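Presented below is the structure to which this report refers.
If you want it as structure tokens, here you go:
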């Protein structure tokens, strides 16, 4: 497996490094990790005054602060690690690097040194999320798991993005430990009532009989879960099912991630009805806004 990790020495960046360093089963096998650091350019006037050699030495020293400690932590864990830095802006350099790299996975912290913690994702993570189609693992502040085998939740909705998540988990199952505890999470709407919009929103009954509601919800769960179970079975992974009912899927999934103390929640960065212009669909955004669980976002071409 090849992993590309943008690092900047921030708290969240160090947590991302620690997360990968904890992947004992993965690192027992050939694993290639490249660390990348982006250094902002010195203003042209200052660069001319200082001279090329001094500017280059300064960039190298600043990059080393983030790269060396990360490389040492990963190498101690058994990873084959390389490191480099580039000079430029994140918005210009990182999307191009990510797009042209042959990485199987991008791993990074959700916020950097300059990120506002109240935002769902910091500027760097948002830049990567919106511009690349590679799977992205974002470490968001929850304690790094001390055990190799993770409590993994996979949120699915029947869309191709949900199946892409299951396909990634099956193909790269070593990332999740020797014996991960996997649960599939799906939310169906409450068919007994609907919310009527207006100046004052109100709920009104649908008139559907309880037994009909139960039958429709059961069929919906089975239609979504069945192909995911089949994909995971190809890697010898069995999963339990979490069947949730509610009108706000993102809220329900976030609450379940917290309740189950998941180490990692995997979901499609987009799903049914999602805008293709943002970094994440509405459900993924709601989940990210409400829990600190590490997120694996899968967005295939």
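Numbering (the working numbering), first residue to last: 370 to 670. Ideal Cβ placement from N, Cα and C applies to all residues, glycine included. Small disclaimer: the values here were computed from a predicted structure and weren't measured.
C-alpha distance - residue 661 paired with residue 629, whole-angstrom precision
13 Å
Alpha carbon to alpha carbon, how far is residue 501 from residue 459? Give it in angstroms, no decimals.
14 Å
Contact set for residue 426: own chain, Cβ-Cβ below 6 Å, skip 5 residues either direction
none
Give the DSSP bridge partners of residue 451, in chain order.
403
Alpha carbon to alpha carbon, what distance is there between residue 598 and residue 374?
30 Å
Taking Cβ positions, are residue 632 and residue 505 nearer each other than 8 Å?
no
Looking at the secondary structure, which residues open and close the beta strand (DSSP E) in which residue 552 lies?
550-557
Could you check the C-alpha separation between residue 507 and residue 413 for me, to the nearest Å?
34 Å
Could you please give the first and the last residue of the uninterrupted alpha helix (DSSP H) stretch that includes residue 619?
618-628
Apart from the five residues just before and just after residue 401, which ones in its own chain have a Cβ nearer than 6 Å to its Cβ?
371, 449
Can you grab the Cα-Cα spacing for the pair residue 421 / residue 469, in whole Å?
28 Å
Please name the residue in 451, 377, 528, 386 whose C-alpha comes closest to that of residue 637.
528
Expressed to the nearest angstrom, what Euclidean distance is found between the alpha-carbon atoms of residue 589 and residue 635?
20 Å
Let's see if you can read the secondary structure: which residues bound the alpha helix (DSSP H) around residue 394?
393-396
Nearest residue (CA-CA) to residue 547, options 533, 503, 521, 530
521
Given a cut-off of 8 Å, decide if residue 603 and residue 539 are closer than it, judged by their beta-carbon atoms.
yes
Any idea which residues DSSP pairs residue 631 with across the strands?
Answer is none; residue 631 lacks a bridge partner.
Once you ignore the five residues that flank residue 550 on each side, which residues in its own chain have a CB closer than 6 Å to its CB?
520
Residue 605 burial status per 10 Å Cβ neighbour count (16 or more: buried):
exposed
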